[in-house]
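K.L.:
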Amino acid sequence: MAQGAAELAIRALKPGDDLKISLGDRAFTPLKTFLCRHATPYEARSLARTYVLVDAECLETTARVWGYVTLVASEVQTCDRVRPPQDVHWPSGYSVPAVKLARMAVDKSMRGQGLGSQLVDFAIAISVSISEHVGCRLLVTDAKQSAVKFYEKAGFTMLDTPGNLEKSAPAMFVELPKLK
Amino acid sequence: MSVQTYTFGVLRLTGKDARKFENQLRYGRPKQAAQDAAARGKVMLAKFKRDGHVVVRVMKRA
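Each protein sequence line maps, in turn, to chains C and Y. Under the numbering used here, the first residue of the first sequence is numbered -5, with each subsequent residue one higher. Under the numbering used here, the first residue of the second sequence is numbered 167, with each subsequent residue one higher.
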């Protein structure tokens, strides 16, 4: 547990939060670096929105962060004269508007307790909510190979091509209109 | 064909990757896991919008 705390909660990142998350593997260094150096300025400039896991008793104050998820606006561009969806007039070189789950991590001391899954559930719900007000068809992510099964279990679909499957972080997506 | 992606930006597909993506969007069915996740998340988001936070379940490790 979070050093004796009874409950955890998800809230928006606050300036001054303790961001020294411990991820335990060099492969996760970019996730740690982003949280420590970039998440707060990105938040301030509306370049990304980061939601953090903190002790539930620290909701009004700054707090130690035990996990986070970061969402940004994105799009899927298709080239090479691929046709747009059937029965839809769309200019050539069309893009599919999307939300991107850009970063997500849980402190190594807190793994195996369903916290990552709940962060993803929350991210999917935010994306569905956005798609109800703004044209937005997908939630996409670049899943590390070690996390592919986790995202599949959360409902993501793999872009099923050899080129994508070979990548160290293949693209996966959730189609939002089908969840309403 | 290629899959080009930027962590904080666009996902760009060409050739077979783009065509496969188009087909998956056109013919793909919603996964039950995604529907379940969205339903759970919807409850969480309602509490978040109401209170500014949502308390999460902490499961015991197996």
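Note that the Cβ used here is the ideal one computed from N, Cα and C, for glycine as well.
Provide the residue(s) that pair with Val222(Y) in DSSP beta bridges, ordered along the chain.
P.N.:
The partner list for Val222(Y) (beta bridge, DSSP) reads Leu2(C).
K.L.:
So which of Leu29(C), Arg39(C) and Leu113(C) has the shortest CA-CA distance to Arg223(Y)?
P.N.:
Residue Leu113(C) is the option with its Cα nearest to Arg223(Y).
K.L.:
Is Val114(C) helix, strand or coil by DSSP?
P.N.:
Helix, per DSSP.
K.L.:
Please classify Gln139(C): does DSSP put it in a helix, a strand, or coil?
P.N.:
Three-state result, Gln139(C): helix.
K.L.:
I'd like to confirm the pairing. Which residues does DSSP put opposite Met98(C) in its beta bridges?
P.N.:
Answer by DSSP bridge pairing, in chain order: Val63(C).
K.L.:
Which of the three DSSP states, helix, strand or coil, is assigned to Ala38(C)?
P.N.:
DSSP places Ala38(C) in helix when its eight states are reduced to three.
K.L.:
Report the residue from Lys147(C), Ala92(C), Glu169(C) and Thr135(C) whose alpha carbon sits nearest the alpha carbon of Ser162(C).
P.N.:
If we check each option's Cα against that of Ser162(C), Thr135(C) comes out closest.
K.L.:
The alpha helix (DSSP H) with Asp12(C) in it runs from where to where?
P.N.:
That residue, Asp12(C), is in no alpha helix (DSSP H); it is neither H nor E in DSSP.
K.L.:
Report yes if the CB atom of Gln201(Y) is closer than 8 Å to the CB atom of Leu173(C), and no otherwise.
P.N.:
Yes, Cβ-Cβ distance for Gln201(Y) and Leu173(C) is below 8 Å.
K.L.:
Could you list the residues in the segment 140 to 157 of chain C with a C-beta less than 8 Å from some C-beta on chain Y, going in chain order?
P.N.:
Going along the segment 140 to 157 of chain C in chain order, one finds Glu146, Lys147, Ala148, Gly149, Phe150, Thr151, Leu153, Asp154, Thr155 and Gly157 with a Cβ nearer than 8 Å to chain Y.
K.L.:
Spell out whether any CB of chain A is found under 8 Å from the CB atom of Glu69(C).
P.N.:
The structure shown contains no chain A; the protein chains it does contain are C and Y.
K.L.:
With a cut-off of 8 Å, does the C-beta of Lys172(C) fall near any C-beta of chain Y?
P.N.:
Yes, Lys172(C) counts as interfacial toward chain Y.
K.L.:
Can you tell me which residues form a DSSP beta bridge with Val48(C)?
P.N.:
Val48(C) pairs with Ala3(C).
K.L.:
Whether or not the segment 37 to 52 of chain C and the segment 0 to 8 of chain C are in contact is what I'm after, with contact meaning three or more pairs of Cβ atoms, one per stretch, closer than 8 Å; do they touch?
P.N.:
The segment 0 to 8 of chain C, when compared against the segment 37 to 52 of chain C, does touch it at the 8 Å Cβ threshold.
K.L.:
Hey, out of Ala141(C), Ser123(C), Ala38(C) and Cys30(C), whose CA is closest to Ala205(Y)'s CA?
P.N.:
The option with the nearest alpha carbon to Ala205(Y) is Ser123(C).
K.L.:
Should Asp49(C) be flagged as near chain Y, meaning a C-beta pair shorter than 8 Å?
P.N.:
Chain Y, which has no Cβ nearer than 8 Å to the Cβ of Asp49(C), makes this no.
K.L.:
Verify whether the separation of the beta carbon atoms of Phe187(Y) and Thr72(C) is less than 8 Å.
P.N.:
The answer is yes: Cβ separation under 8 Å.
K.L.:
If you count every other CB in all the chains shown that lies within 10 Å of the CB of Val93(C), and 16 or more means buried, which is it?
P.N.:
Classification of Val93(C): buried, given that the 10 Å Cβ count is 16 or more.
K.L.:
I'd like to know if the segment 98 to 110 of chain C and the segment 176 to 191 of chain Y are in contact, where contact means that at least 3 CB-CB pairs between them fall below 8 Å.
P.N.:
The segment 98 to 110 of chain C is not in contact with the segment 176 to 191 of chain Y.
K.L.:
Between the segment 203 to 221 of chain Y and chain C, which residues of the former have a C-beta closer than 9 Å to a C-beta of the latter?
P.N.:
Hits within the stretch, in order: Ala203, Ala204, Ala205, Arg206, Gly207, Lys208, Val209, Met210, Leu211, Ala212, Phe214, Lys215, Asp217, Gly218, His219, Val220 and Val221.
K.L.:
Assuming Val176(Y) is part of the alpha helix (DSSP H), what are its boundary residues?
P.N.:
First-last for Val176(Y): undefined, no H or E at that position.
K.L.:
Around the C-beta of Thr56(C), are 16 or more other C-beta atoms found within 10 angstroms, so that it is buried, or is it exposed?
P.N.:
That one is exposed.
K.L.:
Pick out whichever of Ala212(Y), Gln198(Y), Arg216(Y) and Leu177(Y) has its Cα sitting closest to the Cα of Ala91(C).
P.N.:
It is worth fixing the name first, because residue 91(C) is Pro in this sequence and not Ala. The candidate whose alpha carbon is nearest that of Pro91(C) is Leu177(Y).
K.L.:
Start and end of the beta strand (DSSP E) containing Met166(C)?
P.N.:
Here the beta strand (DSSP E) through Met166(C) covers Ala165 to Glu169.
K.L.:
So what does Ala72(C) bridge to, in DSSP terms?
P.N.:
Strictly speaking, residue 72(C) in this sequence is Thr, with Ala absent from that position. Beta-bridge pairing links Thr72(C) to Leu179(Y).
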